[in-house]
Amino acid sequence: MALHFLGNRASMSQIDDDGQQSGFPDLFPKLASGVPGILFIYQRSADGLHHRYPFVSDRVRTLFGLEPGDLNRDGQVVFSVVHPEDVAGVAASIEESASKLTPWQHQARMRLVSGDYHWFESDSIPELQADGSVLWYGQFNDIQAFKDLEFSLRESEAEFSFQAGFQKLIARLSSDFITRGFGDIDQSINQVLEAIGRFFGVDRAYLYSVPEQRAEMTNTHEWCREGVESLIDSQQQVPIDTFAWWHQQIDQMILANRPVFIEDVAALPEEAGPEKALLTEQGVCSMFCVPVRTRGMVSGFFGVDSLSPREWRTDQADLLIIVSGLLSGALERHRLEEELLNQSIRDPLTGLHNRRYLYPRLDEMIALWSRERQPFALALFDIDHFKLVNDTLGHLAGDYVLREFTGILLEHTRATDVVARFGGEEFVVAFSATDGEAAGALVNRIIAKVRSYDFVFEEQCIPLTVSAGVAAVGDDGSTNPAPESLLGAADHRLYIAKSAGRDCFANASGPSRL
40 MALHFLGNRA SMSQIDDDGQ QSGFPDLFPK LASGVPGILF IYQRSADGLH
90 HRYPFVSDRV RTLFGLEPGD LNRDGQVVFS VVHPEDVAGV AASIEESASK
140 LTPWQHQARM RLVSGDYHWF ESDSIPELQA DGSVLWYGQF NDIQAFKDLE
190 FSLRESEAEF SFQAGFQKLI ARLSSDFITR GFGDIDQSIN QVLEAIGRFF
240 GVDRAYLYSV PEQRAEMTNT HEWCREGVES LIDSQQQVPI DTFAWWHQQI
290 DQMILANRPV FIEDVAALPE EAGPEKALLT EQGVCSMFCV PVRTRGMVSG
340 FFGVDSLSPR EWRTDQADLL IIVSGLLSGA LERHRLEEEL LNQSIRDPLT
390 GLHNRRYLYP RLDEMIALWS RERQPFALAL FDIDHFKLVN DTLGHLAGDY
440 VLREFTGILL EHTRATDVVA RFGGEEFVVA FSATDGEAAG ALVNRIIAKV
490 RSYDFVFEEQ CIPLTVSAGV AAVGDDGSTN PAPESLLGAA DHRLYIAKSA
540 GRDCFANASG PSRL
């Protein structure tokens, strides 16, 4: 790209101190005027202490406001328009070219007359002179347009790389959600939060659930960068009404499906005083939140926090909405899986667990007894003369009785106990961490409650009693019990209770009646 005075430089004796060539006094200026860059002859003394431009085209005045005559006398003037950050590099490149007699090719920012800086490139050939000085013949070219193009290409490449990376990440996370096992939803969501948090370079990523009434919000999942304080424990069932401004933002997320963007917490409006105080206390500088939907309704929001000022992408909200959609799909799938599971392990009439759920829980209790000798007992209940209720009052009355008895069982058991409908009018209760004697007392209370309970269906009073068989793990001397053997023992003892007149229970010691 550069023009060099190779064909016209027979010797410097032909060039006077004003840069004029003998016999052709106007040759250099005329040549230079037809070249877009700045043509120059640059001279550096043998000791490197002095340098000047024996010739430099008039464009140096037009572009930089420098006088050619000044440069003829002292080349140091050029450094006054070189960007301060580039001065050292220019000087080093000159020294290297002089010592090795290699072409001087270097790029630097130079200040134009307008005050703007443009990138220029020097391109010249050195020639060692008899007195030890070095002459360079070459040209300065404005390469700002090429730099702009290079920057644009780099931006395009960076953007392409970012978008490709984001799409690859979403594809991987989607695949992970599809292939995960049932019950792994929490771990999967935490992995998504970490992956997204690291990809976007934020400090915290989280998921909140918001009930339909929008009275409170709960932080269900959270990822924090190393060294960032976790907030999840302090963000459980937080009343939304105490943050009126944030309540409005949640309403907008839900009603308008609109993300919430707080670019600068310090610039929050006056009405967001409580929110500003809380976020400042948490160290949050800026944040993004986008709605998460399940069953077609907003059920919470996904968000990211930055603890330091940052420039967010202009499409940040769109990208986070894609992540929100991924989370929404995963949560919806989990909800459907839970519904299907509940349908398979719960009795549709009473809502209690069924045999399919009961047997694995009994296996767990047996394993705990085998390891730690933690006792447990189970009772098999049967509603006395239940067939008579169906035959005389109809099946709707029978359904009513089953549901009411279910309520009595739940009222007299704990969350750690297992209550299941075993079939027909038979129910099983597995009392965890309870020995046979304590289980007998609990069963007696249930029997007494049923005896005194007012079963009234369509204004018809239904007197009812129940019988039960109780089996405690190990009460038969077995060292290797199984669910089937325990249930078999309870069933046999239920038969004994019924044979003893019903309205009682039987255990290893025989019938027992209040």
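Per this note's numbering, residue 40 is the first one in the sequence shown, and the count goes up by one each step. Think of the CB as a built atom: it goes at the ideal place given N, C-alpha and C, for glycine as much as any other residue. As the structure is a prediction and not an experimental result, all values here were calculated from the model.
DSSP links Ala147 through a beta bridge to Phe159.
Cα atoms of Asp530 and Glu378: separation of roughly 31 Å, rounded to the nearest angstrom.
Contact between Tyr92 and Leu78 is absent: CB atoms are separated by about 10 Å, not below the 8 Å threshold. The Cβ atoms of Leu366 and Ile217 lie no closer than 8 Å to each other.
Taking the C-beta atoms as reference points, Ile279 is found no nearer than 8 Å to Val362. According to DSSP, residue pairing for Pro278 in a beta bridge involves Glu255. The three-state reading of DSSP puts Trp284 in helix, counting H, G and I together. Within its own chain, the residues whose Cβ lies closer than 6 Å to the Cβ of Val329, once the five positions on either side in sequence are excluded, are Pro298, Phe341, Leu359, Ile360, Ser363, listed in chain order. If you look at Glu233, you'll find it in the alpha helix (DSSP H) that goes 224-239. DSSP places Glu465 in no alpha helix (DSSP H) but in the uninterrupted beta strand (DSSP E) bounded by 465-471. Looking at Phe205, Ile384, Leu270, Ala254, the one whose alpha-carbon comes closest to that of Phe238 is Phe205. Given a length threshold of 3 residues, each whole run of the beta strand (DSSP E) inside the segment 271-357 is given here in chain order: 299-301, 325-333, 336-345. Taking the CA atoms as reference points, Lys139 sits about 9 Å from Pro165. For the pair of segments examined, the segment 315-327 was found to touch the segment 343-357: the number of CB pairs separated by less than 8 Å reaches three. For Ala127, the enclosing alpha helix (DSSP H) has its first and last residue at 126-139. In this structure, the straight-line span from the alpha carbon of Lys207 to that of Ala356 is close to 18 Å. Nearest Cα to Val428 within the set Ile422, Asp421, Phe420, Gly437: Gly437. Scanning Ser517, Thr518, Glu310 for the CA closest to the CA of His286 turns up Glu310.
For Ala510, the enclosing beta strand (DSSP E) stretches over residues 505-511.
When secondary structure is reduced to three states using DSSP, Tyr396 falls in the helix class.
Closest option to Val512, judged by alpha-carbon separation, among Arg400, Trp408, Ala454: Trp408.
If you check the CB distance, Arg83 and Val173 come in under 8 Å.
Sequence-distant partners of Thr389 (beyond 5 residues in either direction) whose C-beta falls short of 8 Å from its own C-beta, in its chain, are Leu441, Arg442, Thr445, Arg460.
Spatial neighbours of Glu302 in its own chain (CB-CB distance under 8 Å, excluding positions within 5 residues in sequence) are listed in chain order as Ser325, Trp351. Assigned with DSSP and collapsed to three states, Leu525 falls in helix. When only Cα atoms are considered, Ser161 and Ser200 end up about 33 Å apart. Around the Cβ of Glu261, a 10 Å sphere holds 16 or more other Cβ atoms; the residue is buried.
In terms of Cα proximity to Gln276, the closest of Ser269, Leu448, Met256, Pro550 is Met256. In the DSSP assignment, Arg484 is bridged to no other residue. By the neighbour-count criterion, in which 16 or more other beta carbons inside 10 Å mark a residue as buried, Ser136 falls on the buried side.
Comparing alpha-carbon positions, the option among Phe179, Cys543, Leu167 lying closest to Phe94 turns out to be Phe179. Contact annotation, Ala418 with Ala507: C-beta distance approximately 5 Å; criterion of less than 8 Å satisfied. Tyr439 and Arg394 have their C-alpha atoms some 21 Å from each other. Note that the C-beta distance between Val509 and Ile422 is not below 8 Å. With a threshold of 16 other beta carbon atoms within 10 Å, Lys426 falls short and is exposed. A residue is called buried once 16 or more other Cβ atoms fall within 10 Å of its Cβ, and Asn258 is buried on that count.
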